[in-house]
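Structure, as C-alpha cells:
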Amino acid sequence: MTEDTRLIHGFHTVTAKLRHDAAGVREIFVAAGRQDSRARDLVQLAERCGVRVVSVDAARLDGMARGERHQGVVARARAQQLHVTLDDVLDGLQEPALLLVLDGVTDPHNLGACLRVADAAGTHAVIAPKDRACGLNATAIKVASGAADTVPYIVVTNLARSLREIKERGIWTIGAAGEATKDLYAVEQKGATAWVLGAEGEGLRRLTRDTCDELAKIPMFGAVESLNVSVASGICLFEARRQRN
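Those letters in the sequence shown? Residues 45 to 289, by my numbering.
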C-alpha cells in the first residue's frame with residue numbers, strides 16, 4: 045500500500061466510498077464464498093463503477109483490517125486529502141460557517157460518530173489537535189459510515205491558537221461545558237458558529253475553555269451527568285441548524 049492510499053473496511057463504508065468517490069477506490073477484497081445479497085449488491089456496484097473485485101480468504105482480510113470487524117470486505121482506496129486548511133474550507137462557503145472543534149477525543153469510535161453527526165448536520169469541517177486525539181484511522185473511518193470522505197477533518201498543531209484564528213474570521217466560538225450558567229437554547233447561533241466539545245468526563249481543557257467566546261451547557265433532566273461526545277455534538281449542531289432555519 046502506497047502513501048496515497050488507505051485501507052477501509054465494512055460494507056457501509058466501502059459502499060459509501062463507491063457512491064461518493066468511485067474513482068478513488070483502487071480495488072475491493074471480498075471474503076471467498078460470500079454469496080449473500082449484500083455481497084452480490086456490492087460486487088455489482090463495483091462492476092458498474094469499473095472497480096476490480098478480488099476474492100480472498102478470511103485470514104487475509106483479518107490481517108488487512110488489523111483485527112477490526114470487517115464484515116468480509118476491505119477496499120484499498122485513495123487517501124483523503126491530508127492538507128486541507130481551515131482557510132480552504134471557509135473561503136469556499138456560501139453560507140455562515142458551522143464548525144465542530146474536538147478537544148481531547150482519543151477514542152476512534154467517538155471520532156467516527158462525531159464525523160457522522162457532523163455530516164448529518166451539514167457541518168463544514170471538524171477540527172482537532174494533533175496531540176491528545178486519536179486521528180482518522182481505519183476504525184474512525186468505518187464508524188463514520190462515509191462521512192470521513194464528505195466532512196473535512198482538519199488537524200491543527202495548537203488548538204487555542206486555531207480557535208483565535210477562527211474568531212478572527214468572525215466565527216462565534218461556543219464551548220460546551222456543564223458548569224456554564226446559560227444553556228445552549230439561550231445562545232444565539234444564527235450566524236457563523238463553531239461548537240467546541242471535549243471528551244466525556246474530562247471536558248474541555250482550561251486553555252480551550254478560556255479561549256471560547258462563551259460557554260453553554262446541555263440541560264440534563266435525568267440522573268446521568270454527561271453525554272457521549274458524539275451525542276452532545278449532535279444536540280449542539282442541530283440546535284444551530286434549527287435556529288438558522
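Beta carbons: idealized from backbone N, C-alpha and C, even for Gly.
- Beta-bridge annotation (DSSP): I171 is paired with V145 and I198.
- Here R70 carries a strand assignment [DSSP, helix/strand/coil].
- Under the three-state reduction of DSSP, G247 is assigned to strand.
- Between A191 and R160, the alpha-carbon positions lie close to 5 angstroms from each other.
- Beta-bridge pairing by DSSP links D227 to K261.
- Straight-line spacing of the CA atoms in R120 and T59 works out to 13 angstroms.
- Put simply, the backbone Cα of L281 is about 22 angstroms away from that of C178.
- Around the beta carbon of E212, fewer than 16 other beta carbons lie within 10 angstroms, which makes this residue exposed.
- G107 carries a helical assignment under DSSP once its states are collapsed to helix, strand and coil.
- In the DSSP assignment, L134 falls within the unbroken alpha helix (DSSP H) covering L130 to D135.
- Pairwise C-beta distances place the region 208-223 in contact with the region 234-254, as three or more of them are shorter than 8 angstroms.
- Measuring C-alpha to C-alpha distances from T49 to each of F55, V149, E71 and Q115 identifies E71 as the nearest.
- Per DSSP, L241 is one residue of the beta strand (DSSP E) stretching across T237 to G242.
- Counting the other Cβ atoms within 10 Å of the Cβ of F73 gives 16 or more, which makes it buried.
- The secondary-structure analysis by DSSP pairs G219 across a beta bridge with V240 and L259.
- Proximity to A162 across V268, W239 and D257 peaks at W239, based on C-alpha coordinates.
- For A119, there is no enclosing alpha helix (DSSP H); the residue is part of the beta strand (DSSP E) that begins and ends at V117 to R122.
- Between H168 and A141, the alpha-carbon positions lie close to 7 angstroms from each other.
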